[in-house]
Structures are given as C-alpha cells and as structure tokens.
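Under this note's numbering, the first residue of the sequence shown carries the number 3, and numbering increases by one thereafter.
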Amino acid sequence: MSKEDQVRGRVVSEIISTEVTYVGLLEELASEVSQIKIKLTGDPGPKAVRRVADDATSIHKLQVEFLKDLKNLEAEFIQKQGLFQEGSVVLGTDELVVAVAKIFTHYAKFFKLYTTYIDNFCVAQNFLNESFGGLQVLRRQTSSDKIHLPELFAKLILPIQRIPRYVLLLDELVKHSKSIRELEEASKMIHGVASDVDRAMNKREYNHQLRELQRLHIGDIKLLEPHRKLVKSQDYNFRLNSARESTSNSSAKLTLFNDMALVSVSCPMLRAYAGVCIFAAPKPFPMDLKGF
3 MSKEDQVRGR VVSEIISTEV TYVGLLEELA SEVSQIKIKL TGDPGPKAVR RVADDATSIH
63 KLQVEFLKDL KNLEAEFIQK QGLFQEGSVV LGTDELVVAV AKIFTHYAKF FKLYTTYIDN
123 FCVAQNFLNE SFGGLQVLRR QTSSDKIHLP ELFAKLILPI QRIPRYVLLL DELVKHSKSI
183 RELEEASKMI HGVASDVDRA MNKREYNHQL RELQRLHIGD IKLLEPHRKL VKSQDYNFRL
243 NSARESTSNS SAKLTLFNDM ALVSVSCPML RAYAGVCIFA APKPFPMDLK GF
C-alpha cells in the first residue's frame, strides 16, 4: 500500500462524497426555482428563471447518473479490496484511477449542458435580485412552505462552481499518478469544459454590462449590436459655469467600443445619461476580447 495510492483513494472518495451533496442541492434548486411565483411577460428575466429551473432539472438528472456510476465503481473496489469496515477508503490503485477517468471521459460531452445553464443564469439572477432582492422569503406556488432567498441565491451558483471543482480534483489525481493515458485524457476534456464555462461566464458578464449601459442612456443611441464589443468605460467629474449659478458639479462617461467612441453626460433629474457618438469606424476593429 503506497502513499500515492492512499492519496488518490482520498481524492476519489472526495469526488464521490461532494457529488452526493451536490446532487441533493441540485434537486432542491430545481424544485425551488420552478416554484417561484412569476408572471411570464415579454421581459427576458421571467423566461430565464423558467429556463434555469429546466436546466437545473436536466443537470440534476445527468449528475444522478454520473453519481450512480461512481458509487457502483466504489462498491466494486471496496469488495475487491476487502474493505468492509464502515468508513473505509478505497485504495487509489492505477486500476481504480483508470476506471474513474473513463467515467469522466464518458460524461464530459454531456457537461456542455452547464454552458446552457450559464446563458440563463445571469439573466435570471439579475431578475430575481431586482424583483425580490429586498425580501428574505417567498411563498411556493403549490404549498405553504417558504423559499429562503439567500439560500436560493447560494444554490444558483453551485452548477457554475462544480466543473472547476472537477478540474482541481482531477489535477490532484494527475499530480499523484505516473503517466496514465486515460487520466490525462479525462483531465484534458474536463479542462476544456471548464474553459467553455469560463468563456460563457465572461460573455454573459459582458452582455450584462452592455445592457446596463443601454438602460442608462436616453435618446436614440443604440448600443446593443451583434458585432459590438465593449473595450473600456471611464467616469469623469467636472464643474460647469453658468449665468445663474457660479459652478455646478456634473459627471460624464467616456465609453470605447470596437467600432465607436461615446461621450455621455449625466442627467441627474432623469437618473440617466445623454450620449453623443464622437467617433464611428467604418467597420469594427479586430480584437480578441477573452475569446468572445
């Protein structure tokens, strides 16, 4: 029994034990989001909440199967290794590590479902914050039970955190293994899924920033265009001299996109900005903004 086998055994046990907890919380998440009383309108927020509930249900079904395969594998190796004492940890032999890697490789293509969840997660989270952020509890549609919002918001982020956790655990197995082709292949595939999740999060965050800019502007300025990328936005404070008042404080925003530059002056009475395009390019400048 080598030290490496013991370490890898503990890593495999951690994968399984954390998966048990994760699957239970996913079931709660899908149930709670689907039970929030929301009137569907033309606003994308309510629809995103419904889609998050559907995505969470689909992810839960996927992870139940994933967990079942892992637990069956654990039971098989407990029997092989004669570990019948409660709480015993299987030895992380090469044979076990290869079997775990094959399970990850099989499910990696299905983990792409997480990027769909992220597409709806950001919109849904913003909508729930804006609509119910001041409340602590909500009533369910079909029972008198209450949904505790702080706990719900904590659960919403769980699917986004799970893939990076797989990356860390598989990296730990790789660290304590001598060149195992199946493990390296599984690790590479899960790293690829994590990169997809990262790009999806960056893109959703960018789209949210752009929508916020559009919401803050009055007039005919149209900022939401398929080709447009936000490069940088900077706020400035300045003083204005007028005939009636000696000075008054005001603020402006300079926003640079890949195809235009926009100067926006604050309109405090309207709680908005009036923008003027000071430069427009004939076509967007080529630039790689984190892959999107």
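Using N, Cα and C, we set each Cβ at its ideal position, and we do this for glycine too.
Your pair Glu184 and Val100 checks out as a contact, with CB atoms roughly 5 angstroms apart and the cut at 8 angstroms.
Here Phe259 is actually not in contact with Ala188; their C-beta atoms are around 40 angstroms apart, not less than 8 angstroms.
Annotated three-state conformation of His150 is strand, per DSSP. Bounds of the alpha helix (DSSP H) holding Ile165 are Leu160 to Lys177. Residues of the same chain with a CB within less than 7 angstroms of the CB of Met262, apart from the 5 flanking positions on each side, are Cys279, Phe281, Ala282 and Ala283 in chain order. Note on Glu34: 16 or more other CB atoms within 10 angstroms of its CB, so buried under the neighbour-count rule. For Glu174, the CB contacts under 6 angstroms within the same chain, skipping 5 residues up- and downstream, are Val13 in chain order. Along the segment 33 to 79, the beta strand (DSSP E) does not occur as any fully enclosed run of 3 or more residues. Pairing Gln127 with Glu207, the inter-Cα distance amounts to about 12 angstroms.
When Cβ pairs closer than 8 angstroms are counted between the two stretches, the segment 71 to 86 is seen not to touch the segment 160 to 174, the count staying below three. In the three-state reduction of the DSSP assignment, Leu225 falls in the coil class, being assigned neither a helical nor a strand state. Within a 10 Å sphere around the beta-carbon of Gln65 sit 16 or more other beta-carbons, which makes this residue buried. The bridge partners DSSP lists for Asn239 are Ser253.
Apart from sequence neighbours up to five positions away, the residues of its chain that approach Ala32 with a beta-carbon distance below 7 angstroms are Ala55, Ala58, Thr59 and His62, ordered along the chain. Of the candidates Asn209, Lys234 and Arg217, the residue whose Cα lies closest to the Cα of Asn122 is Asn209. In chain order, Tyr238 and Val267 place their CB closer than 6 angstroms to the CB of Ala254, counting only its own chain and leaving out the 5 sequence neighbours on each side. Here Asp7 has Leu93, Gly94 and Thr95 as same chain residues with Cβ atoms under 8 angstroms from its own Cβ, once five neighbours each way along the sequence are excluded.
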